[in-house]
Amino acid sequence: MNTTIKNILGATVLGLGMTACSLNIAPISDVSELNMSNQEDTTDTRIKYKDRASMESVYKNLYQQMIDRQEHWYVDYLLFGEARTDNAYAGTTGAEVVPVETNALDASNPDIARDWDRYLEDIAKANVVISNIDQVPDSAFKKEEREQWKAEAKIFRGMMLFDLAHWFGNIPLNLTEAPDITTDNITEVYPLYFPSPVPQDTAYAQVIRDLTEAIPFAPALNPADKRILSKTVARALLAKVYAELGDWDQVINYCDTITRDGITLEPNFRDLWAFDADLGDSKVRNSRESILEIQYPTGSGNWCTWMFGRNLANWDESFTWAKWITPSVDLMNAFKAAGDTIRENQTIVYYDCSWSNYYDSKHYPFMYKCRSSYSSIIKLRGADLMLLHAEALAHKNELTAAKELVDQVRERVELPKLDKDIVTASQEAMLQAILDERRLELALEGQRLFDLIRFGKLQEVMNGINRRDPNRLPQSRPFVEDHRLMPIPQTALDKNNNLRQNPGY
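Numbering that gives the first Met the number 0 puts the sequence shown at residues 0 to 504.
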């Protein structure tokens, strides 16, 4: 008897992401052949998507994923990328959040489990498009459009795969849509559901493959619509992946291409996250600097402000509980030491509140780079890539060229140019200046942890943090090299016997 057990396994694999934490705001339906295919057309049961319209629903769902489910790729990305560093405290007293600040994360953390499952779900949804789009038997579905949608799906998959490998290192890698498991094919198909992990560098190689294959067919950058997974998005992600691999020639190549695509600095740093109270909307969308921007225009809504601070479009909304990612004393001191008042005032804001976890409730600091329910989430922006370009040039010992790029970023916020005699005296001095600049420019955007790891500074910076920052909760254990990665969630280990816990956990 041919008994199908895919639904049971599917519920197990996908269900965890919906139950791991109470932050599952506005979940959307999971894509499957049950809700996306034309069930009435039985001319060929091997073809799940019978026409362009049925495939379009799956393709559009990738973009809707980013709009509706921000927990893993934005909210938690900021929590783990900032509160594990000197930039921020966890902010609240939740049992799943405090260990991020105290370096006490373990495999039982529900937010880590949610993020693991969500990234795998996103990759699986992209696989549906990539695996099926060429088989759709619709003559009205033109080749050029198929190639473009597949390219966008590959960029989406590459972006999510990069994040997953960045956080966890050795990860399962499944690039196909898994078929139904039956008693006849279980030996062949079961490994597609629970594959063996691949090393981080192998996962990065797949990200590079996805992104480079996508570029010829992806849409060009549209200056009026930065929501699209464009060629420039792929190039920006490639620059970031190659930086993790230390391939500085490729970083320079892709950063140069991004500049040719038209990405430059927005003239006024204040405009990047500004809220126009008269308009009741964000002041600027699709800035010159945005590469990928998820937008929430009036009439929709971004709930991320609930997690970080006040919603300037609705002052008292969800402001009765302590917020995540509280800016640290150490970060404030860094801004003040640099005389960087413009970026400090656009990164940190002070309100009265009803809690005093780290500061007096009458003058409490909050993350200020998500200000309203209409704020865009800027996933990729030009200043990040410009400073990454400078980093690559410094590694190539092109110190004067690296300095010129950093100076452009500093001049925008009315800071003097770097002292040439100091920063061009050695590669080490230039790299330290770039790391310091990245901290101030990209503060509370989720980049600090990866920067410290890439520069080889995580242990040096974090193992002295309690001496420098009296407000920070005591570290439960010293940072060691293994802590550059997150623990694999226990729920994943329980389901997939091929997985092994990361060292150090």
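Yeah, the Cβ is synthetic: ideal placement off N, Cα and C, and Gly gets one too.
Straight through space, the alpha carbons of A164 and E120 are spaced by roughly 14 Å. Judged by DSSP secondary structure, Y241 falls within the alpha helix (DSSP H) whose first and last residues are K230 to L244. Nearest in C-alpha terms to L384, of all of K49, I290 and N301, is I290. Looking at the DSSP output, P196 sits in a beta bridge with P171. According to the DSSP secondary-structure assignment, A87 is paired through a beta bridge with P326. In this structure, E436 lies near L386, with their beta-carbon atoms less than 8 Å apart. In the pairwise beta carbon analysis, the region 229-238 is classified as not touching the region 193-203: fewer than three pairs are separated by under 8 Å. Only residues of its own chain outside the window of five on either side were considered, and among them L430 and L434 have a CB closer than 7 Å to the CB of F454, listed in chain order.
Annotation: L210 to A204 spans about 10 Å, alpha carbon to alpha carbon.
Counting the other CB atoms within 10 Å of its CB gives D105 a total below 16, which places it among the exposed residues.
Listed in chain order, the alpha helix (DSSP H) runs fully inside the region 60-112 are 75-81 and 97-101, counting runs of at least 4 residues. Counting C-beta pairs with one atom in each stretch, the region 438-449 and the region 287-302 have fewer than three that are closer than 8 Å, which means they do not touch. Straight-line measurement puts the Cα of R447 at about 14 Å from the Cα of A89.
When only Cα atoms are considered, D179 and A238 end up about 38 Å apart.
For L434, there is no enclosing beta strand (DSSP E); the enclosing alpha helix (DSSP H) covers residues Q426 to E440.
In the DSSP secondary-structure assignment, F268 is not bridged to any residue.
The Cβ atoms of M461 and F449 lie no closer than 8 Å to each other. DSSP places F161 within a helical segment (H, G or I) once states are collapsed to three.
Listed as beta-bridge partners of V479 by DSSP are no residues whatsoever. Under a 10 Å Cβ-count criterion, Q63 is classified as exposed, with fewer than 16 other Cβ atoms of the shown protein chains found around its own Cβ. Of the residues D280, D50, A389 and F155, the one whose Cα lies closest to the Cα of V135 is D50. Taking a contact as a CB-CB distance under 8 Å, the pair K153 and N60 does not count as one, their CB atoms being some 15 Å apart.
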